[in-house]
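Sequences listed follow chains A and B, in order.
Heads up, the numbering used here is the position in the first sequence plus 6, with the first residue counted as 1.
Heads up, the numbering used here is the position in the second sequence plus 6, with the first residue counted as 1.
C-beta: ideal position from N, C-alpha, C; glycine also.
Quick notes on the structure that follows.
There are 2 protein chains.
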Amino acid sequence: MKKTLDFYFDYSSPYGYLASERIEALAARHQHEVVWRPVLLGAIFKITGQSPLLDQPLKGDYSSKDIARTAREHKLDYHHPQPFPIAAIAASRATVWFRDNADSEIRANTGAFVHSLYRAYFTLGKNITEADIVAEAATPFGVASNTLLQAISEQSAKDALRREVDEAVKAGVFGSPMMIVDGEAFWGDDRLDQMERWLERGGW
Amino acid sequence: MKKTLDFYFDYSSPYGYLASERIEALAARHQHEVVWRPVLLGAIFKITGQSPLLDQPLKGDYSSKDIARTAREHKLDYHHPQPFPIAAIAASRATVWFRDNADSEIRANTGAFVHSLYRAYFTLGKNITEADIVAEAATPFGVASNTLLQAISEQSAKDALRREVDEAVKAGVFGSPMMIVDGEAFWGDDRLDQMERWLERGGW
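Here it is as structure tokens:
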């Protein structure tokens with residue numbers, strides 16, 4: 007059985023999107039499997055007292071440029087979406103539903119579903135807070151729109167996402183993306199390279 | 007004449023210290039000269055509404071580990087000092103006095119003086135808020151203690167540092183380290199590699 011690499015991300019996080027495009031190849035190079043863990047930074051920021059990155063004076067302006075520069079460097083498509091930021095509740099619930107599904111085929115498509123939603127938001131500007139848009143993104147994976155809409159409106163889906171966020175905070179997650187691998191936490195798209203060197207050396 | 011690379015840093019910033027140890031070699035590889043620009047994040051945070059990194063819930067704990075890990079990776083000595091954080095007013099004034107000095111020999115030693123202070127704090131745990139400690143660090147560069155103590159107590163030295171911080175904010179500086187080179191801003195020790203690739207390509 008492969009070891010796991012927990013990838014914590016918020017669908018509203020530009021750096022989460024950028025990292026999501028590289029994380030699977032990186033994990034695979036080191037015989038790890040990505041576990042997709044959507045979180046809601048809005049809920050986490052209430053605990054940590056942080057504010058959304060792009061709202062911060064000076065830092066926000068810089069970050070807009072840094073995101074564009076980092077996307078260019080990795081040759082990734084990026085168009086800053088509106089509305090932004092969003093609370094991607096439907097998308098996050100749907101992702102947990104994919105990942106923890108009884109159907110192994112649906113489970114296996116979790117990563118592809120995440121990419122589909124992230125790209126819908128950050129390259130096509132689709133508003134993934136809308137449940138219909140999320141359901142549409144699920145259909146290529148053999149999940150009927152109605153099935154998904156029904157699933158994410160159930161109490162169990164709400165509870166599952168709430169538990170997900172609680173567990174993330176317990177694990178020390180305060181931002182997006184955060185990766186936890188073999189007990190070591192790395193925060194930010196800009197830690198992917200360092201994490202890879204860490205995996206290569208088997209720790210320090 | 008060499009082009010300049012503005013290196014903005016707070017003496018209380020662990021990542022500023024880590025970056026200061028690599029910035030000159032990086033700049034030299036690309037025919038740039040480092041201009042040392044001390045700032046006071048305390049003053050800047052009042053404008054931006056940020057709080058000191060290590061005070062932030064979850065993020066603070068993570069950052070302590072990340073600093074140690076990053077120091078190990080670059081084989082740099084690091085011992086988390088007490089008191090921390092500090093408002094390094096004397097050290098910052100002294101640095102501006104070195105950098106803008108009429109005596110070219112003193113000016114030329116600015117970088118070495120910065121390293122001496124940063125290492126005193128982050129490797130030896132010396133309290134560089136004390137003017138005597140700062141003056142002691144200046145003596146190897148032919149500056150008598152009394153000369154330095156006198157210089158940094160003058161109104162002109164106070165004004166010079168205040169101007170320095172104001173200009174930094176105008177340039178968009180909100181953290182430490184920040185580098186501005188050829189009009190492009192990079193924030194964080196973790197942007198040194200990206201900055202170097204940017205310099206190699208002559209922009210994007």
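Chain B within 7 Å of A:F180, Cβ atoms only: yes
7 Å CB neighbourhood of B:S69 in its chain, flanking five on each side removed: L59, L60
Backbone CA spacing between B:A204 and A:K81 [nearest angstrom]: Just to set this straight, residue 204 of chain B is Trp in the shown sequence, not Ala. C-alpha separation (whole angstroms): 14 Å.
Bridge partners - B:M184, DSSP secondary structure assignment: B:Y14, B:W193
CB contact flag (B:A94, B:Y17, <7 Å): yes
Option in A:I134, A:T10, A:L64 with minimal Cα separation from A:P91: A:I134
Beta-carbon spacing of A:T116, A:P44 below 7 Å: no
Extent of the continuous beta strand (DSSP E) to which A:W103 belongs: Premise fails: A:W103 lies in the alpha helix (DSSP H), 95-105, not in any beta strand (DSSP E).
Beta-carbon gap between A:H85 and A:T129 smaller than 7 Å: yes
Between the CA atoms of B:Q156 and B:R125 - distance to the nearest angstrom: 24 Å
Residues near A:K164 by beta carbon distance below 8 Å, same chain, minus five either side: R99
Test item: CB-CB of B:P183 and B:A25 under 7 Å: yes
Residue-chain proximity (B:P91, chain A), Cβ-Cβ < 7 Å: no
B:G209 beta carbon less than 7 Å from that of B:W193: no
Nearest to B:Q37 (by Cα), restricted to the options B:Q56, B:L11, B:L46, B:T54: B:L11
7 Å Cβ cutoff met for A:V40 and A:A31: no
Euclidean distance between Cα positions of B:E136 and B:A143: 11 Å
A:G55 burial status per 10 Å Cβ neighbour count (16 or more: buried): exposed
Residues of the segment 183-194 of chain A with Cβ closer than 7 Å to any Cβ of chain B, in chain order: A191, W193
Exposure of A:E111, with buried meaning 16 or more beta-carbon neighbours within 10 Å: exposed
Endpoints, the alpha helix (DSSP H) within which B:A204 is located: Going by the sequence as given, residue 204 of chain B is Trp instead of Ala. 198-207 is the extent of the alpha helix (DSSP H) around B:W204.
Cβ-based contacts, 9 Å cut-off: residues of the segment 18-45 of chain B near chain A: none
Inter-residue CB distance, A:L64 and A:V171 (contact presumed, cutoff 8 Å): Going by Cβ atoms, the distance from A:L64 to A:V171 rounds to 29 Å, so no, they are not a contact pair.
DSSP state of B:K9 mapped onto helix, strand, coil: strand
As assigned by DSSP and simplified to three states, the class of B:V120: helix
Test item: CB-CB of A:D195 and A:Y21 under 7 Å: yes
A:R43 - partner residues in DSSP beta bridges: A:Y14
Assumed close pair A:V140, A:A97 - CB separation to whole angstroms, cut-off 8 Å: 5 Å
Same chain, Cβ closer than 8 Å to A:I158, neighbours up to 5 away in sequence not counted: A96, R99, A100, W103, A137, V140
Closer than 7 Å to chain A by CB, B:R78: yes
CA-to-CA distance, B:R197 to A:N107, given in whole angstroms: 39 Å
Nearest residue (CA-CA) to B:A177, options A:E173, A:S57, A:D67, A:I50: A:D67
Chain-order list of residues whose beta-carbon lies under 6 Å from that of A:G48 (same chain, five-residue window excluded): A93
Option nearest B:A118 by Cα separation, candidates B:S19, B:S162, B:Y23, B:I50: B:Y23
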